[in-house]
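Structure, as structure tokens:
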DNA sequence: GTAGCGATGCAACGGAAGTGCATTTATTGT
DNA sequence: ACAATAAATGCACTTCCGTTGCATCGCTAC
Ligand SMILES: [Mn+2]
Ligand SMILES: [Mn+2]
Ligand SMILES: [Zn+2]
Ligand SMILES: [Zn+2]
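Protein chains in written order, with my numbering: chain A, 41 to 178; chain B, 41 to 178.
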């Protein structure tokens with residue numbers, strides 16, 4: 041518990057009760073979560089607060105936003121040392137077509153791509169869609 | 041003109057007036073287009089028709105849908121020989137942070153990725169965000 | 001204590017995707 | 001050519017999320 045407070049404070053995020061709960065929820069889940077997921081997990085919660093909490097978390101480098109192609113914004117906690125604010129932690133994401141869960145594959149970085157003349161890369165997003173380990177049954 | 045009709049018919053899409061117009065519009069643009077773009081291009085057009093036209097085009101392999109991370113569905117004509125229905129034409133896409141335009145880089149295929157044990161890949165989406173050739177000024 | 005600022009909660013807005021159903025237009029069979 | 005059938009189009013409406021405005025609450029500093 042104190043652990044979470046320290047983490048938040050180290051990223052200049054005031055550790056309010058709600059924020060600690062959200063952080064804890066995301067830490068327990070090992071998959072990317074959507075705003076609606078959190079909303080459903082906490083009966084007594086307001087969507088706006090959750091929305092702004094995630095926004096703050098993102099700005100302060102507590103979480104990173106994931107676009108897995110479903111059209112729904114998902115979020116996952118940043119690993120220690122993740123520099124995703126600087127687009128320096130370009131790991132790929134896997135979205136399961138069966139269970140709809142999305143996971144970070146933090147060990148798998150996006151390979152460097154040679155672009156045509158004139159194109160300048162600043163950020164990259166690579167999502168693999170398929171069947172996850174849980175659903176493939178092994 | 042006859043050319044377009046033949047293309048559509050070869051993909052079992054009836055070449056109606058509207059469909060030919062939309063196809064022509066997409067062929068002239070060299071970038072991915074959103075439903076709203078088409079809507080604005082044709083003053084006298086109904087969104088539903090455009091929506092369903094794009095859906096038909098996609099199902100029949102005339103266009104492929106692009107998720108460039110903006111949250112807006114975009115579409116581009118399939119190159120001749122593109123097998124994107126079968127997830128066999130995994131080229132990457134480039135989204136310009138400056139002009140918001142998205143282009144297909146059909147020559148640049150998504151590199152093969154080794155996934156952890158148990159994960160089965162079926163599809164992939166790679167979007168590079170940055171500054172396009174037009175905006176980088178060369 | 002009180003002034004000030006950040007966090008929270010409620011309500012409402014907005015864009016875009018998607019659906020139901022009536023109408024028009026094209027195709028087919030006689 | 002005509003009727004029957006199917007496909008395409010148009011209008012209205014819905015839903016889902018993300019987003020914003022504004023009032024209120026609660027902590028913190030002076
Ligand atoms: Mn991630
Ligand atoms: Mn493309
Ligand atoms: Zn799964
Ligand atoms: Zn550009």
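Ideal placement from N, C-alpha and C gives every residue a C-beta, glycine not left out.
None of these values were measured; they are calculated from a predicted model.
So residue i packs on residue j, CB below 8 Å; how close in whole Å?
| i | j | result |
| --- | --- | --- |
| residue 173(A) | residue 170(B) | Incorrect: roughly 33 Å between the Cβ atoms, too far for contact. |
| residue 82(B) | residue 48(B) | Incorrect: roughly 18 Å between the Cβ atoms, too far for contact. |
| residue 144(A) | residue 131(A) | 6 Å |
| residue 74(B) | residue 114(B) | 5 Å |
| residue 124(A) | residue 102(A) | Residue 124(A) to residue 102(A), Cβ: 10 Å. No contact. |
| residue 108(B) | residue 167(B) | 5 Å |
| residue 51(B) | residue 100(B) | 5 Å |
| residue 88(B) | residue 58(B) | Not a contact, Cβ separation roughly 12 Å. |
Kindly indicate which three-state DSSP category residue i falls into: helix, strand or coil?
| i | result |
| --- | --- |
| residue 62(B) | helix |
| residue 38(B) | Lying outside 41 to 178, the shown extent of chain B, residue 38(B) is not represented and no answer is given. |
| residue 79(A) | helix |
| residue 153(B) | coil |
| residue 84(B) | coil |
| residue 92(B) | helix |
| residue 174(A) | helix |
| residue 51(B) | coil |
| residue 46(B) | helix |
| residue 124(B) | helix |
Could you tell me which residues DSSP pairs with residue i in its beta bridges?
| i | result |
| --- | --- |
| residue 115(A) | 73(A) and 105(A) |
| residue 134(B) | 143(B) and 168(B) |
| residue 163(A) | 169(B) |
Item to check | Residues within the segment 91-107 of chain B neighbouring chain A, beta-carbon criterion of under 7 Å | outcome: 107
Checklist entry - Which residues, in order along the segment 155-168 of chain B, keep a beta-carbon less than 8 Å from a beta-carbon of chain A? => result 155, 156, 157, 158, 159, 160, 161, 162, 163, 164, 165, 166, 167 and 168
Checklist entry - For the segment 64-94 of chain A, which residues have a CB atom closer than 9 Å to at least one CB atom of chain B, in sequence order? => result none
Item to check | the segment 137-154 of chain B in contact with the segment 145-162 of chain A per 3-pair CB rule at 8 Å | outcome: yes
Checklist entry - When Cβ atoms are compared, which residues of the segment 117-140 of chain B fall closer than 8 Å to chain A? => result 132, 134 and 137
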